[in-house]
Amino acid sequence: MKKFNLSLVAILAMSTFAIAGGDIAPVEPVVETPYMEPAKVGGFYIGAAYGWNNLSMDHDADTALTTTSVDADFGAFMIDAGYKFNPYIAVEGRYSFGISSSNDLGWTNGLSSDVTVDSWGLYVKPMYPVTDAINIYALLGYGSTSADYDNPAGGTFTSDDIDGFSWGIGADYAFTDNWAVFIDYSSIVDDEDTRVNLYGTNVSVDNINFGVNYTF
Numbered sequence: 005m006k007k008f009n010l011s012l013v014a015i016l017a018m019s020t021f022a023i024a025g026g027d028i029a030p031v032e033p034v035v036e037t038p039y040m041e042p043a044k045v046g047g048f049y050i051g052a053a054y055g056w057n058n059l060s061m062d063h064d065a066d067t068a069l070t071t072t073s074v075d076a077d078f079g080a081f082m083i084d085a086g087y088k089f090n091p092y093i094a095v096e097g098r099y100s101f102g103i104s105s106s107n108d109l110g111w112t113n114g115l116s117s118d119v120t121v122d123s124w125g126l127y128v129k130p131m132y133p134v135t136d137a138i139n140i141y142a143l144l145g146y147g148s149t150s151a152d153y154d155n156p157a158g159g160t161f162t163s164d165d166i167d168g169f170s171w172g173i174g175a176d177y178a179f180t181d182n183w184a185v186f187i188d189y190s191s192i193v194d195d196e197d198t199r200v201n202l203y204g205t206n207v208s209v210d211n212i213n214f215g216v217n218y219t220f
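Residue numbers (the numbering used here): 5 to 220.
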């Protein structure tokens with residue numbers, strides 16, 4: 005009788021598995037992941053920087069006013085604004101205004117001149133994210149500059165805008181979602197100017213900037 009009961013239980017159990025398809029699927033636990041806000045990949049940004057400008061003028065021929073070369077260094081403030089399309093490309097505009105600085109421009113009387121340089125540039129900005137926080141980038145575009153310097157003998161010589169291809173390289177570090185610090189070098193302009201007031205001069209303006217950007 006006991007064997008008959010055990011056999012009946014076994015038959016019923018097998019029948020149940022057969023009706024259910026014969027498979028027992030394990031129940032996977034549901035793991036809930038915390039919500040994470042997506043990283044900011046684009047948007048408008050503005051910034052400001054302090055840096056050092058170098059004005060270099062190499063004259064094609066000697067004149068009664070200057071020697072054949074001029075090399076002047078001075079401080080400058082720069083403001084920038086741009087738009088990031090994605091982590092790899094942006095467009096940016098910059099305006100830099102120099103702080104007046106007294107430099108020996110090679111006047112034959114041995115006097116010095118107060119020199120200021122205002123510059124602007126429009127750039128395509130290729131970027132490469134080295135880490136989540138560190139970016140390296142290039143600046144490729146068009147720049148223009150205006151150099152003003154005093155004539156100690158009287159009057160002021162002011163160059164017209166000198167423009168041409170402009171480029172730069174740099175890196176930035178984002179210490180929050182919105183704020184980043186940057187350092188870069190740019191060649192704002194390097195071109196030949198044949199106007200009378202510059203006596204056939206190759207003019208180049210370079211700068212190094214330390215600044216901060218805010219992305220909206």
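From the three backbone atoms N, C-alpha and C, an ideal C-beta is built for every residue, glycine too. What you are looking at is a predicted structure, and each value in this text was computed from that prediction instead of being measured.
According to the neighbour-count rule (16 or more other Cβ atoms, all chains shown, within 10 Å of its Cβ), is residue i buried or exposed?
i: A52; result: exposed
i: N217; result: buried
i: N90; result: exposed
i: A137; result: exposed
i: N213; result: buried
i: I192; result: buried
i: Y49; result: buried
i: N211; result: buried
i: G302; result: Beyond the ends of the chain as shown, which are 5 and 220, falls residue 302; an answer cannot be given.
i: G47; result: exposed
i: Y39; result: Residue confidence for Y39 is low, a pLDDT of 45 falling below 50, so the modelled location carries little weight and cannot support an answer.
Can you give me the start and stop residues for the beta strand (DSSP E) that residue i sits inside?
i: G46; result: Element bounds for G46: n/a, residue is neither H nor E.
i: D181; result: Neither: D181 is in no beta strand (DSSP E) and is coded neither H nor E.
i: V95; result: 93–102
Using only CA atoms, which one of the options lies nearest to residue i?
i: R98; options: Y146, T120, W56; result: Y146
i: T120; options: D75, I140, N139, D194; result: D75
i: F169; options: F179, T149, I187, W183; result: T149
i: F186; options: I103, Y54, N58; result: Y54
i: F220; options: V95, D188, D77, N182; result: N182
i: W124; options: D165, D77, Y87; result: D165
i: D194; options: V95, D167, F179; result: D167
i: W171; options: Y87, T180, D62, V95; result: V95
Below 8 angstroms CB to CB, which residues in the same chain sit around residue i once its five sequence neighbours on both sides are set aside?
i: I93; result: V128, K129, P130, M131
i: I140; result: M131, Y132, V134, I173, G174, A175
i: W56; result: D77, F78, G79, A80, N211, I212
Going by beta carbon distance, what residues of the same chain come within less than 7 angstroms of residue i, once the five residues before and after it are set aside?
i: F101; result: A80, F81, D122
i: I103; result: F78, G79, A80
i: Y177; result: A137, I138, A184, V185
For residue i, I'd like the list of residues in its chain whose CB is within less than 6 angstroms of its CB, leaving aside the five on either flank, ordered along the chain.
i: L126; result: G97, G145, Y146
i: S60; result: D75, S208
i: N58; result: D77, D210
i: I83; result: A52, Y99
i: A142; result: P130, I173
i: A85; result: I50, G97
i: D188; result: G172, G174, N213
i: T180; result: none
Would you verify that the beta carbon of residue i is, or is not, closer than 8 angstroms to some beta carbon of chain B?
i: D195; result: Protein chain content of the structure displayed is limited to a single chain, and chain B is not contained in it.
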